[in-house]
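*Asks:*
In my numbering, the protein residues as written are 3 to 117.
If you want it as structure tokens, here you go:
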């Protein structure tokens, strides 16, 4: 069974919670929000580039998985806005730390998973 939810509006508050309540399910979230990305177990960056040759152009899509320091820098880049780089990285650290703390505090004990 495939379920598709489209979340709009004040998504930052709801998406992280929804992601953490979906243990055992796969969620694919496409976002420009650093706070949503910080909740991901796996972070994939999708980049589009256009190359022009004479009178035509081609569009290329590249994907790359980021983790560790590269994930921190990507979340900082997503969050940067008016922040200076050091502040953006500190903010990224806080987002990742908060997401991990929420995951640690969330427990789910459905009947079929009890020991």
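All C-beta atoms in this analysis are idealised placements derived from N, C-alpha and C, irrespective of residue type, glycine included.
Closest to residue 67 by CA distance: which of 59, 60, 77 and 58 is it?
*Replies:* Translated into the one-based positions of the chain shown, residue 67 becomes position 65. Shortest Cα-Cα distance from residue 67 to any of 59, 60, 77 and 58 involves 77.
*Asks:* Report the option in 106, 35 and 56 whose CA atom is closest to the CA atom of residue 128.
*Replies:* Not covered by the structure: residue 128. The range shown for the chain is 3 to 117.
*Asks:* Return the first residue and the last residue of the beta strand (DSSP E) that residue 53 is part of.
*Replies:* Position 51 of the chain shown, counting from 1, holds the residue named residue 53. 45-55 is the span of the beta strand (DSSP E), which, as asked, contains residue 53.
*Asks:* For residue 74, collect the residues of the same chain with a Cβ closer than 8 Å to its Cβ; drop the 5 residues on either side in sequence, then sort them by chain order.
*Replies:* Position 72 of the chain shown holds residue 74. Once the five neighbours on either side are set aside, the close Cβ partners of residue 74 are 91, 94, 95 and 98.
*Asks:* Would residue 116 be called buried (16 or more neighbouring beta carbons within 10 Å of its own) or exposed?
*Replies:* Here residue 116 is taken as the residue at index 114 of the chain shown, counted from 1. Because the pLDDT at residue 116 is just 40, under 50, the model does not fix this residue reliably, and the value given afterwards should be weighed accordingly. When all chains shown are included, residue 116 counts as exposed.
*Asks:* Would you mind working out which of 70, 50 and 69 sits nearest residue 61, comparing C-alpha positions?
*Replies:* Reading the chain shown from its first residue, position 59 is the one you call residue 61. If we check each option's Cα against that of residue 61, 50 comes out closest.
*Asks:* If I measure Cβ to Cβ from residue 42 and keep anything under 6 Å in the same chain, skipping five residues before and after, which residues do I get?
*Replies:* Numbered from its first residue, the chain shown carries residue 42 at position 40. In its own chain, leaving out the 5 sequence neighbours on each side, no residue places its CB closer than 6 Å to the CB of residue 42.
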